[in-house]
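Right, one structure below, let's go through it.
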Amino acid sequence: MIYRLIDAKKAEIPVNRSCGLLGVSGSGYYAWKRRKASVRQQA
1 MIYRLIDAKK AEIPVNRSCG LLGVSGSGYY AWKRRKASVR QQA
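Reminder that position 41 of the sequence shown reads as 41 in UniProt numbering, one-by-one numbering, no gaps.
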């Protein structure tokens with residue numbers, strides 16, 4: 001959920017700034033972006 005928010009706002013707020021404000025790592029965000037959508041997410 002947090003990563004989706006970061007992704008939605010990346011045009012307005014830099015990813016590294018959003019990650020810092022929300023207390024998540026930038027590497028975690030980029031790992032999330034590389035992952036394929038699960039069957040549940042595709043439904």
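Cβ coordinates follow ideal geometry from the N, Cα and C atoms, glycine included.
For a quick check, are the C-beta atoms of V24 and I13 less than 9 angstroms apart? In this structure, I13 does not lie closer than 9 angstroms to V24 by Cβ.
Using alpha carbons as the reference points, say which of R34, K33, Y3 lies closest to L21. Y3
So, helix, strand or coil for G23, using DSSP? In the structure shown, G23 sits in coil (DSSP, three-state: anything other than H, G, I, E or B).
Neighbour-count burial assignment, S27, 16 or more Cβ in a 10 Å radius: exposed
Since Q4 is in the alpha helix (DSSP H), which residue starts that stretch and which ends it? Checking the sequence shown, residue 4 turns out to be Arg, not Gln. Here the alpha helix (DSSP H) through R4 covers 2 to 9.
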